[in-house]
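In what follows, a structure is listed as structure tokens, so that the remarks can point back to it.
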Amino acid sequence: MASDIVISARHMKKSFGTGNNIQTIYDDLNIDIYRGDFTVIMGASGAGKSTLLYALSGMDTPNGGTIEFDGVDITKLTSDELAVFCRKACGFVFQQIYLIDNMSLMDNVLAAGTLVNRSKTQIAERANQLFDLVNISPQTRKNMPSLVSGGEAQRAGMVRAVINEPTVLFADEPTGALNSANSTAVLDVFTSLHQQGQTIVMVTHDKKSALRANRVVYVRDGQIFGSCELGPYREDAARTAKFEEFLTQMEW
13 MASDIVISAR HMKKSFGTGN NIQTIYDDLN IDIYRGDFTV IMGASGAGKS
63 TLLYALSGMD TPNGGTIEFD GVDITKLTSD ELAVFCRKAC GFVFQQIYLI
113 DNMSLMDNVL AAGTLVNRSK TQIAERANQL FDLVNISPQT RKNMPSLVSG
163 GEAQRAGMVR AVINEPTVLF ADEPTGALNS ANSTAVLDVF TSLHQQGQTI
213 VMVTHDKKSA LRANRVVYVR DGQIFGSCEL GPYREDAART AKFEEFLTQM
263 EW
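Position 135 of the sequence shown, counting from 1, maps to 147 under the working numbering, and the rest follow consecutively.
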């Protein structure tokens, strides 16, 4: 595990509704995300996994507590300041692939790359390197999203998510809409990015996806109910058994 903390949430509170219709998701939650880790957040349906992900990434604001992200308390930023911060610090991959339909895969990525202050040549060079990493051919990069497979579109979405070299890549059920083959291809990209040093936080209910992480945290009853250190990803029976035992302890 990396030694330094990149995100630290302390006494975080999150609720929805007003009056007698308040639903409390988190009350006094604490969690640390370590630089260089691939952390997976698991839990039962409705446990607030995505709510936690959105709070840690600045996409949503907690009702109380602090979230320090790379030395910045993002709960104290204005909406404009937070947008600028997240543009550089965060990359996002969702189950729904939000590519612009009338732009090629490459143009989708280049458009995201222009959000930071770099030359078009630098952006294009990095984009091509990343497309090579995710095994999308030069010809396919020219296609519109509607003309590629779901797996190719999701991998292009991952290229877009990391084009600006985010501090943390956040993913919410990224393989939820994919078949087994495409799911494996996408997970292989996550593994490759992590091996290159990318910090990743992923929400998933899928055990196959969770096994790619080196750390799994389990959310239950508004708290971090348990945590499991799996070490670097490898197809190993002992590692899988440790994970299965952890899920049993969590009453998965």
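Even for Gly, the Cβ is constructed at its ideal location relative to N, Cα and C.
Query                                                                                     : Result
Best match in 232, 248, 227 for proximity to residue 239 [C-alpha to C-alpha]             : 227
From 244, 122, 97, residue whose alpha carbon lies closest to that of residue 179         : 97
Beta-carbon separation (whole angstroms), residue 24 vs residue 83, contact threshold 8 Å : With a Cβ gap of about 18 Å, residue 24 and residue 83 do not count as contacting.
8 Å contact criterion, which residue 143 and residue 153 should meet: CB distance rounded : 5 Å
Residues bridged to residue 211 (per DSSP)                                                : 180
Exposure label - residue 233; buried when at least 16 CB within 10 Å                      : exposed
Extent of the continuous alpha helix (DSSP H) run through residue 142                     : 132 to 145
Limits of the unbroken beta strand (DSSP E) element including residue 165                 : Note, residue 165: premise wrong, no beta strand (DSSP E); alpha helix (DSSP H) at 162 to 174.
Under the three-state DSSP convention, the category residue 256 falls into                : helix
Coil, strand or helix - residue 153 by DSSP                                               : helix
Test item: CB-CB of residue 182 and residue 222 under 9 Å                                 : no
Residue 85, DSSP secondary structure in three states                                      : strand
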